[in-house]
Amino acid sequence: MCSSCVMLFNEKNGSILPEYTALPSLQKGEILVKNKYTTLCGSDLHTFAGRRKEPSPIVLGHEIVGEILEMAQSEPFYDLNGNILKVGDLITWTIFAATDSDEFVKDKMPQKSASLFKYGHVQFTDKEKFNGGLGTHCILKIGTGILKLPTSIDEKFAPIINCAGATAMAAHRLIDQIEGKNVLILGAGVLGLIASTIAKQKKASSVTMLDIDDVRLENSKFFGADYVYNSLNPIEELTQITSGFYKKGFDVIIDMSGSVEAIKTGLQFSAIGAQHIWIGAVTPTANVEVNPEVIIRKLLSIRGMHNYNYEDFTNAVDFFEDHFLDYPFHTFIEKEFPFQDTEKAFHYAAKYKPYRVLITI
192 MCSSCVMLFN EKNGSILPEY TALPSLQKGE ILVKNKYTTL CGSDLHTFAG RRKEPSPIVL
252 GHEIVGEILE MAQSEPFYDL NGNILKVGDL ITWTIFAATD SDEFVKDKMP QKSASLFKYG
312 HVQFTDKEKF NGGLGTHCIL KIGTGILKLP TSIDEKFAPI INCAGATAMA AHRLIDQIEG
372 KNVLILGAGV LGLIASTIAK QKKASSVTML DIDDVRLENS KFFGADYVYN SLNPIEELTQ
432 ITSGFYKKGF DVIIDMSGSV EAIKTGLQFS AIGAQHIWIG AVTPTANVEV NPEVIIRKLL
492 SIRGMHNYNY EDFTNAVDFF EDHFLDYPFH TFIEKEFPFQ DTEKAFHYAA KYKPYRVLIT
552 I
């Protein structure tokens with residue numbers, strides 16, 4: 192394997208090929224990381240399949256764990272928990288970097304910052320080379336939220352935390368109250384399963400998982416789901432579940448699927464006062480009709496969440512430090528590929544749709 196190179200995705204022909212290039216000199220405040228593990232997120236696969244547009248050529252991958260090799264300043268670097276960072280530390284970091292002076296950062300929405308830099312989303316150029324997970328190295332910018340990886344978390348699972356884990360935690364931050372509530376989660380992928388475990392740890396009264404895959408639905412029971420519903424089946428099956436609830440509907444509905452039909456089902460089965468958190472629809476999709484009178488009379492609320500903030504990221508790492516052994520999170524990694532087989536990993540993930548594919552660098 193090369194000492195310093197990246198795997199470049201080219202949108203024109205859909206190829207992912209190695210680009211051998213020297214490491215640049217660090218600028219003040221930057222950190223050089225040796226990438227160890229990267230998992231392929233759904234958004235990476237959308238880009239690979241042409242459903243999502245990113246600048247090309249590009250180094251994809253933003254779910255990353257790596258080891259600090261070099262830090263470009265004399266004063267100490269600190270992670271988000273106030274720990275001093277040092278060479279050799281195993282870390283994971285936010286998908287984004289943003290400057291403290293930005294108004295969006297002050298409003299706790301750094302992921303929407305005007306100065307936003309997103310790892311795995313920036314075009315490969317002479318000045319920007321090592322900025323994604325599918326490279327031997329990554330250069331971390333000022334304003335990146337960094338955390339040392341707790342030893343209680345499997346380092347091969349850990350890349351998932353800085354996207355799916357933190358995003359699921361962001362969804363829960365928007366919920367006013369979940370203890371004692373009946374929760375419906377739309378989509379039994381990684382995001383939905385993590386959201387389910389968080390709901391159970393926050394003492395939700397019940398969690399119902401909706402999907403079209405019976406295998407994933409059955410598996411969701413290991414991640415806290417009390418009820419499951421395949422939305423290809425008669426709607427009466429879902430009515431039977433809600434008939435046992437006092438309000439005859441769900442109090443909290445979290446969409447991780449991006450499916451318009453699933454979102455419609457969630458709206459249909461809203462309890463009085465229900466909260467809807469929409470996360471999954473991050474690629475172009477159809478509109479959803481919402482009747483204002485229904486929203487008003489049923490006291491409903493709808494909130495969207497894209498990515499997450501620094502607090503969500505910290506809370507996600509804390510959650511997995513406390514609960515990694517309570518659920519079979521290690522099963523999310525269904526296939527592992529060496530770095531040189533990155534293109535094969537994408538084809539495998541596109542064909543078989545595992546929870547996650549891991550690339551070892």
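For the sequence shown, the positions run 192 to 552 when our numbering is used.
Backbone N, C-alpha and C fix where the C-beta goes; we use that ideal spot for every residue, glycine too.
Residue closest to Gly-471, alpha-carbon to alpha-carbon, out of Ile-445, Leu-276, Tyr-418 and Ser-304: Out of Ile-445, Leu-276, Tyr-418 and Ser-304, Ile-445 has the C-alpha closest to the C-alpha of Gly-471.
Please work out which residues of its chain come closer than 8 Å, Cβ to Cβ, to Gly-241, disregarding the five sequence neighbours upstream and downstream, and give them in chain order. Within the same chain, Gly-241 has close Cβ partners Glu-202 and Gly-205.
List the residues that DSSP assigns as beta-bridge partners of Ala-288. Assignment of beta-bridge partners to Ala-288 by DSSP yields Phe-308 and Thr-335.
Just curious, the alpha helix (DSSP H) that Gly-356 is in, first and last residue? Bounds of the alpha helix (DSSP H) holding Gly-356 are 355-364.
Roughly how many angstroms lie between the CA atoms of Glu-525 and Ser-292, to the nearest whole one? Those two C-alpha atoms are separated by around 41 Å.
Assigned exposure category for Ile-275 - 16 Cβ within 10 Å defines buried: Under this definition Ile-275 is an exposed residue.
Is the Cβ-Cβ distance between Thr-229 and Ile-255 less than 8 Å? Yes, these two residues count as a Cβ contact at 8 Å.
Excluding the 5 residues preceding and the 5 following Thr-388 in the sequence, name in chain order all residues of the same chain whose CB lies nearer than 6 Å to its CB. Answer for Thr-388: Phe-414, Gly-415 and Tyr-518, listed in chain order.
Could you check if Cys-193 is buried or exposed, using at least 16 other CB atoms within 10 Å of its CB as the buried criterion? By the 16-neighbour rule on beta-carbons within 10 angstroms, Cys-193 is exposed.
Tell me whether the beta-carbon of His-253 lies closer than 8 Å to the beta-carbon of Gly-356. No, these two residues do not count as a Cβ contact at 8 Å.
Just to confirm the assignment, what range does the beta strand (DSSP E) spanning Arg-494 have? Counting along the chain, the beta strand (DSSP E) containing Arg-494 begins and ends at 492-495.
Using a Cβ-Cβ distance cut-off of 8 Å, determine whether Lys-393 contacts chain D. Judged by its chain identifiers, the structure shown contains no chain D, having just a single protein chain.
Roughly how many angstroms separate the alpha carbons of Gly-326 and Ala-540, rounded to a whole number? Between the alpha carbons of Gly-326 and Ala-540 lies a distance of about 19 Å.
Which residues mark the beginning and the end of the beta strand (DSSP E) in which Asp-442 is found? Membership of Asp-442 in the beta strand (DSSP E) is indicated by the continuous run 441-446.
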